[in-house]
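Contents: one structure, followed by commentary.
Chains as they are written, first to last, in this note's numbering: chain D, 228 to 340; chain E, 494 to 606.
Written as structure tokens, this is what we have:
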């Protein structure tokens, strides 16, 4: 069965520090993988997507993620955190046959001044 | 261009009532999906429609139903509301059912009392 696991429900970093949000997936077929961000009381915004073209994926707002098949991971990083990055982040896997998106439980990113 | 629009933004219903939520996809998008996000959790897949046909259904009871209209807008209906149906209901649209990233609306916050 396909599944997504986000390691750490809460991550706290200082402004200017490295952001690292961890995600592991389980899939018997090559996965489509995404990171979405959700600000309070808002919908989900696509940060970046992996569709097998390149293992290092660059997204919006300075975020990037690297697909590592051997580790079944798709961790999200940003070199320098900004206060505006504080939000809920979801690692998401696509199920190609049904169009279903499988969400991780989410990681709340707190950025301290 | 308008994004994915959902209506209403908020509503309160009583247990046992029926509710209809509406979604208009981005112009040109033929795929619409519905997700339920309970507070503190990641969104859960309810339905996907593509070209007015149901292409996927999540693990939700038959009280949940949906349809897609010729203009690709969609309705989600929930009968016999339970307290546990209280959630943020998200609609997402895409150009097709292949997974190149869905665009989400801001959601409808349903409270069942």
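All residues carry an ideal CB built from backbone N, CA and C; glycine is no exception. It should be emphasised that the depicted structure is a prediction, and the values quoted were computed from it without experimental measurement.
Cα-Cα separation, residue i to residue j
| i | j | result |
| --- | --- | --- |
| residue 256 of chain D | residue 301 of chain D | 15 Å |
| residue 564 of chain E | residue 512 of chain E | 21 Å |
| residue 321 of chain D | residue 505 of chain E | 32 Å |
| residue 510 of chain E | residue 262 of chain D | 36 Å |
| residue 546 of chain E | residue 540 of chain E | 11 Å |
| residue 604 of chain E | residue 530 of chain E | 12 Å |
| residue 571 of chain E | residue 579 of chain E | 11 Å |
| residue 549 of chain E | residue 337 of chain D | 35 Å |
| residue 303 of chain D | residue 566 of chain E | 33 Å |
| residue 284 of chain D | residue 315 of chain D | 20 Å |
| residue 600 of chain E | residue 499 of chain E | 6 Å |
| residue 598 of chain E | residue 553 of chain E | 21 Å |
| residue 521 of chain E | residue 497 of chain E | 11 Å |
Residue nearest to residue i in terms of C-alpha spacing, selected from the options
| i | options | result |
| --- | --- | --- |
| residue 501 of chain E | E:515, E:594, E:562 and E:524 | E:515 |
| residue 582 of chain E | E:522, E:588, E:534 and E:495 | E:534 |
| residue 258 of chain D | D:285, D:337 and D:276 | D:276 |
| residue 313 of chain D | D:299, D:286, D:267 and D:295 | D:267 |
| residue 239 of chain D | D:309, D:280, D:278 and D:228 | D:309 |
| residue 523 of chain E | E:568, E:587 and E:499 | E:587 |
| residue 327 of chain D | E:503, E:507, E:528 and E:496 | E:528 |
| residue 596 of chain E | E:503, E:602 and E:584 | E:584 |
| residue 264 of chain D | D:318, D:339, D:340 and D:292 | D:318 |
| residue 518 of chain E | E:538, E:507, E:543 and E:537 | E:543 |
| residue 231 of chain D | D:295, D:260, D:297 and D:282 | D:260 |
| residue 297 of chain D | D:245, D:278, D:311 and D:282 | D:282 |
| residue 573 of chain E | E:536, E:606 and E:532 | E:606 |
| residue 233 of chain D | D:311, D:299, D:339 and D:291 | D:299 |
Beta-carbon contacts of residue i that lie in its chain and below 6 Å, excluding the five residues immediately before and after
| i | result |
| --- | --- |
| residue 289 of chain D | 305 |
| residue 235 of chain D | 334 |
| residue 307 of chain D | 243 |
| residue 463 of chain E | This structure cannot settle anything about residue 463 of chain E, because the visible part of chain E is limited to 494 through 606. |
| residue 526 of chain E | 541 and 585 |
Cutoff 8 Å; reference residue i; Cβ partners in own chain excluding five residues on either side
| i | result |
| --- | --- |
| residue 228 of chain D | 253 |
- Task: Could you say if the stretch 245-255 of chain D and the stretch 268-280 of chain D meet the contact criterion of at least three C-beta pairs nearer than 8 Å?
- Result: Flag = no, the stretch 245-255 of chain D and the stretch 268-280 of chain D do not touch.
- Message: When you compare the stretch 331-340 of chain D with the stretch 550-561 of chain E, are there three or more beta-carbon pairs, one atom per stretch, that lie closer than 8 Å?
- Response: Taking 8 Å as the limit for Cβ pairs, the verdict is that the stretch 550-561 of chain E does not touch the stretch 331-340 of chain D.
- Query: Which runs of the beta strand (DSSP E), 3 residues or longer, sit entirely within the stretch 510-562 of chain E?
  - Reply: 512-517, 524-530, 537-543, 546-550 and 557-561
- Identify every run of the beta strand (DSSP E) within the stretch 265-319 of chain D, keeping only runs that are complete inside it and at least 3 residues long; order them along the chain. 271-277, 283-285, 291-295 and 300-305
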